[in-house]
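All letters in the sequence shown, in the order written, are residues 46 to 269 by our numbering.
No residue lacks a Cβ here, since even glycine has one placed at the ideal position from N, Cα and C.
Below you'll find the structure, written out as structure tokens, and then a few comments.
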Amino acid sequence: MIVAIDGPAASGKSTSAKLLAKELGFLYLDTGAMYRCVSWAVIKDEIDLSNDRQLLNFLKIFKIDLKNTGNRSSFYVNNKDVTDLIRKSNISQRVSEVSAIPDIRDFMVDIQRNYAKSKNCVMDGRDIGTVVFPKAEVKFFIIASDEVRAKRRKLELESLGEKKSLSELIDEIRRRDDFDSNRGHSPLKKAFDAIEIDTTDLSIDEQVKLMLGIVKQKIIGNKK
Ligand code: CDP
Numbered sequence: 046m047i048v049a050i051d052g053p054a055a056s057g058k059s060t061s062a063k064l065l066a067k068e069l070g071f072l073y074l075d076t077g078a079m080y081r082c083v084s085w086a087v088i089k090d091e092i093d094l095s096n097d098r099q100l101l102n103f104l105k106i107f108k109i110d111l112k113n114t115g116n117r118s119s120f121y122v123n124n125k126d127v128t129d130l131i132r133k134s135n136i137s138q139r140v141s142e143v144s145a146i147p148d149i150r151d152f153m154v155d156i157q158r159n160y161a162k163s164k165n166c167v168m169d170g171r172d173i174g175t176v177v178f179p180k181a182e183v184k185f186f187i188i189a190s191d192e193v194r195a196k197r198r199k200l201e202l203e204s205l206g207e208k209k210s211l212s213e214l215i216d217e218i219r220r221r222d223d224f225d226s227n228r229g230h231s232p233l234k235k236a237f238d239a240i241e242i243d244t245t246d247l248s249i250d251e252q253v254k255l256m257l258g259i260v261k262q263k264i265i266g267n268k269k
């Protein structure tokens, strides 16, 4: 079974996806983190995204690994642990541009489909229910107000030692949503059959409980 979770930036997708996967005993894949990993490497290697040959050579040697230990998912790029580095704002500022490149998306989508091959999986991102797994058994589209999303991002950045004002973060989030929703390849949009959940006024516990109930109902329905 695939549970697809999409939605705009910092809407609570990853937090709920991770806990939901744990409750269900499913694998979890944060595809946003994958695009952040490739963005980190593009910045480090100073790749010119308009140079096709340079980009293809870069992708040939680009290796991404995921290690799940306890509650933490760690991401490695060419054997370097980049888990904390990819959450920083220099990455958030470039990731939409990098993830709009078709060759990069094709590369990532292959990995994502392979990861979930014949396994139960919760996957979150922007195009999981629309492009990666259009036949996913359960699809959620998670939203929250701009202010609440910026507050969540602010707390996350503070835990990494970075300070940003709320208004700066609101601007950054809106800019990224706008770019993600208007790109030509796999834009962020709600699948017609996705269940929308507004997490503005929900605690993490409440949102996970709500989602878990919906998935369990589906599992029971499948058994009948
Ligand atoms: O954590 P947050 O919701 O802010 O973002 P993320 O899930 O880490 O995703 C970072 C960026 O990667 C997004 O803004 C998209 O540009 C891109 N992304 C994508 O294009 N497709 C996905 N399936 C997941 C992320």
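| Asked | Found |
| --- | --- |
| When Ile259, Asn267 and Lys63 are compared against cysteine 166, the one with the closest alpha-carbon | Lys63 |
| Residue interval of the beta strand (DSSP E) (run including leucine 111) | 109-114 |
| Closest by C-alpha distance to phenylalanine 224, when choosing among Leu104, Val140 and Lys208 | Val140 |
| Simplified DSSP state of glutamate 91, which is helix, strand or coil | coil |
| Any C-beta of chain B under 8 Å from that of valine 183 | Of the chains in the structure shown, none is chain B; there is only one protein chain. |
| 8 Å Cβ cutoff met for isoleucine 265 and lysine 58 | no |
| Boundaries of the beta strand (DSSP E) in which arginine 117 is found, first to last residue | 117-122 |
| Heavy atom of the ligand CDP within 7 Å of serine 144 beta-carbon | yes |
| Runs of alpha helix (DSSP H) wholly within the stretch 149-217 (minimum 4 residues, chain order) | 191-204 |
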